[in-house]
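In the numbering used here, the protein residues as written are 1128 to 1400.
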């Protein structure tokens, strides 16, 4: 049996942090977009982790492998940059949980696997809501924080072209480990706005307001966002990375050369051959 997991990339538009001493109850509220660009993961006989053919240390993946108590490794492939707001570490952790469970016939349910990867991300300090959003797909809204059984989800209906332009990374651990009060107040406001009017246009507009209010925009990001504004479109910042995303053609219309994908409705999945 050969199993391959596909986990979509996930761009968070807005969020509020909700820490808890119990990792499965910890998480974030907010909204994001699951991308057709994601991470494919397979099991290897060699121990260790590779990303696009290069050996790499990714703490959430190592935590998942330890929790499953296996002497295996995983190979991950993705067009997405690591540490730039695409949820790559969460996708690698969830993909690892899926393929190792299938390889070893561990008998774990989907909720078990999502919970395992969510715990690994929370304990590593690398994410609070990517994994549950990636498991769901589409435009997930995290109404309550936490893994399955604790968190609550909804979503914005619709599909769209997605453009993104990444300038580099930000440290998720540094941002989440600092003062997040202002950020969380803005995130709660954005979520309420989108819940009242759950459309793609409202989602992007709320994400943009959050990016401004959260105080995370760099000068370069703000300049790109203003260029998109000038052509009558709206873009925002991927949380947490120095990355701009747009639903539609805003970045292209503004003269940039973005990567292009789609909203990915199905969420994470496993292909067995």
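A virtual CB, placed ideally from N, CA and C, is assigned to each residue, including glycine.
For residue 1271, which of helix, strand or coil comes out of DSSP? Here residue 1271 sits in strand by DSSP.
Please report how far the alpha carbon of residue 1293 lies from the alpha carbon of residue 1195, in whole angstroms. 34 Å
Could you say if the stretch 1170-1188 and the stretch 1233-1253 meet the contact criterion of at least three C-beta pairs nearer than 8 Å? yes
In the stretch 1133-1215, which residue ranges form an unbroken alpha helix (DSSP H) of at least 4 residues, counting only runs that do not cross its ends? 1186-1195
Determine the closest residue to residue 1347 out of 1337, 1358, 1364, with distance taken between C-alpha atoms. 1364
Is DSSP giving residue 1293 helix, strand or coil here? strand
Between residue 1307 and residue 1342, which are expected to be in contact by the criterion C-beta below 8 Å, what is the C-beta distance as a whole number of angstroms? Not really, about 11 Å apart at Cβ, beyond 8 Å.
If I'm right that residue 1268 touches residue 1254 with Cβ under 8 Å, what's the distance once you round it to whole angstroms? Between residue 1254 and residue 1268 the Cβ distance is about 17 Å, and since that is not below 8 Å, they are no contact.
Chain D contact for residue 1158 (CB, 8 Å cutoff): Among the chains in the structure shown there is no chain D, since it carries only a single protein chain.
Would you check if there are 3 or more beta carbon pairs closer than 8 Å linking the stretch 1318-1336 to the stretch 1352-1364? With three or more CB-CB distances shorter than 8 Å, the stretch 1318-1336 counts as touching the stretch 1352-1364.
Can you tell me where the alpha helix (DSSP H) holding residue 1314 begins and where it ends? It spans 1308-1323 - the alpha helix (DSSP H) in which residue 1314 sits, taken as one unbroken run.
Where the alpha helix (DSSP H) through residue 1346 begins and ends: 1346-1357
Quick one: what's got a C-beta closer than 6 Å to residue 1392's C-beta in the same chain, skipping five residues either side? Within the same chain, residue 1392 has close Cβ partners 1264, 1265.
Among 1179, 1231, 1381, which one has its Cα closest to the Cα of residue 1129? 1231
For residue 1363, which three-state DSSP category applies? In the three-state DSSP reduction, residue 1363 falls in the strand class (E or B).
Exposed or buried, residue 1220, counting other C-beta atoms within 10 Å across all chains shown (16 or more means buried)? buried
Residues that residue 1372 bridges to, as DSSP identifies them: 1291, 1363
Decide yes or no for the touch test of the stretch 1141-1157 against the stretch 1347-1358: beta carbon pairs closer than 8 Å, at least 3 of them. Short answer: they don't touch.
Under a three-way DSSP split, which group does residue 1386 fall into? Three-state DSSP puts residue 1386 in a strand.
Terminal residues of the continuous beta strand (DSSP E) containing residue 1279? 1279-1282
CA-to-CA distance, residue 1370 to residue 1251, given in whole angstroms: The alpha-carbon atoms of residue 1251 and residue 1370 are separated by roughly 22 Å.
Bridge partners of residue 1243, per DSSP? DSSP lists no partner for residue 1243.
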